[in-house]
Amino acid sequence: MPSAQLDDAKKAMSAIRAEFTSEVARIRTSNLYSDGGRRAEIAKALIKTRAKADALKANYSTDNEAKRAALSSKMFGLPPGADPATVMSHRDAADRAAQLADSDQAAATLKRALEHGDTVLARAVASHAHGKRWHDVTQTYAQTVGKTADLEALDDIPSGGLTKTAVNILFSVQTPMELQTVRGGCSPGELELIAEGKA
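Shown next, in the form of structure tokens:
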């Protein structure tokens with residue numbers, strides 16, 4: 001994950017959580033509400049805060065996907081303005097690269113492609129290797145074609161199953177004790193009912 005982007009997201013979520021904590025503290029100490037009224041106001045504040053967190057999360061995820069797509073295209077895609085013959089050659093090369101079963105085969109094919117000036121095949125092999133996480137192959141390609149910084153930037157973008165969990169945790173907002181049920185938090189539907197004073 002790019003550290004500046006991660007730091008920005010953490011700071012933004014910290015500010016959102018601090019604002020929510022202050023609002024909940026104000027509601028808890030206010031004499032304007034009954035216990036049910038306090039609960040409803042806290043539910044409204046939680047709904048509003050989660051909406052802010054969800055918007056920030058969507059923006060963060062969209063930014064990552066856009067960056068990943070742009071860098072992948074720059075690293076492994078067709079050159080801008082590719083003619084039809086290059087497009088066909090790229091498709092054939094991608095099909096050939098997809099048949100590579102391990103990093104040794106990929107490294108050997110990449111070496112031959114680079115030695116013979118077959119940039120289209122080299123790009124396709126590197127793309128396949130990147131998808132398979134054969135880092136030695138993609139690093140060799142990036143170093144040879146002068147795209148090491150682009151590869152590092154691409155690899156810094158979070159991906160994988162654990163990333164989704166980490167992102168969900170980063171953008172989560174804890175349910176205050178007044179709204180917790182026996183099983184912990186409450187569903188969005190239950191939260192809406194509480195906010196409307198119906199639960």
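Numbering (full-length UniProt numbering), first residue to last: 1 to 199.
Glycine is no exception: its CB is placed at the ideal position from the N, C-alpha and C atoms.
It should be emphasised that the depicted structure is a prediction, and the values quoted were computed from it without experimental measurement.
For Thr49, which three-state DSSP category applies?
helix
Given a threshold of 16 other Cβ atoms within 10 Å of its Cβ, counted over all protein chains shown, does Ser73 qualify as buried or as exposed?
exposed
Indicate the three-state DSSP secondary structure (helix, strand or coil) for Leu170 in the structure shown.
helix
When you compare only the Cα positions, how much space is there between Ile27 and Ala53?
20 Å
Given a cut-off of 9 Å on the beta-carbon distance, is the pair Asp156 and Ser103 in contact?
Here Asp156 is not near Ser103, since their CB atoms are 9 Å or more apart.
If distances are taken between C-alpha atoms only, which option among Thr181, Gly37, Val167 and Ala142 comes closest to Ala55?
Val167
Does the beta-carbon of Lys198 have 16 or more other beta-carbons within 10 angstroms, so that it is buried, or is it exposed?
exposed
Which whole-angstrom value describes the C-beta separation of Arg17 and Val173, a residue pair presumed to lie in contact below a C-beta threshold of 8 Å?
Indeed, because the Cβ distance is near 7 Å, the residues count as touching under 8 Å.
Whole angstroms is fine: what's the gap from Ile47's alpha carbon to Leu71's?
36 Å
Just checking my contact of Ala45 with Val24 at CB under 8 Å: how many whole Å lie between their CB atoms?
Taking the Cβ atoms as the reference, Ala45 lies roughly 6 Å from Val24, within the contact range of under 8 Å.
Using the three-state DSSP reduction, which class does Leu121 fall into: helix, strand or coil?
Residue state, collapsed to three classes: helix.
Name the residue from Lys132, Gln5 and Ala124 whose alpha carbon lies nearest to the alpha carbon of Thr62.
Gln5
Between Thr175, Gly189 and Thr86, which lies nearest to Thr49 when the distance is taken from Cα to Cα?
Thr175
What residue range does the alpha helix (DSSP H) around Ser30 cover?
Taken as a continuous stretch (DSSP letters only), Ser30 belongs to no alpha helix (DSSP H), as it is neither H nor E.
Counting only runs of 4+ residues fully inside the stretch 138-166, write out the alpha helix (DSSP H) ranges in chain order.
Counting only unbroken stretches of 4 or more residues, the alpha helix (DSSP H) elements lying wholly within the stretch 138-166 are 148-156, in sequence order.
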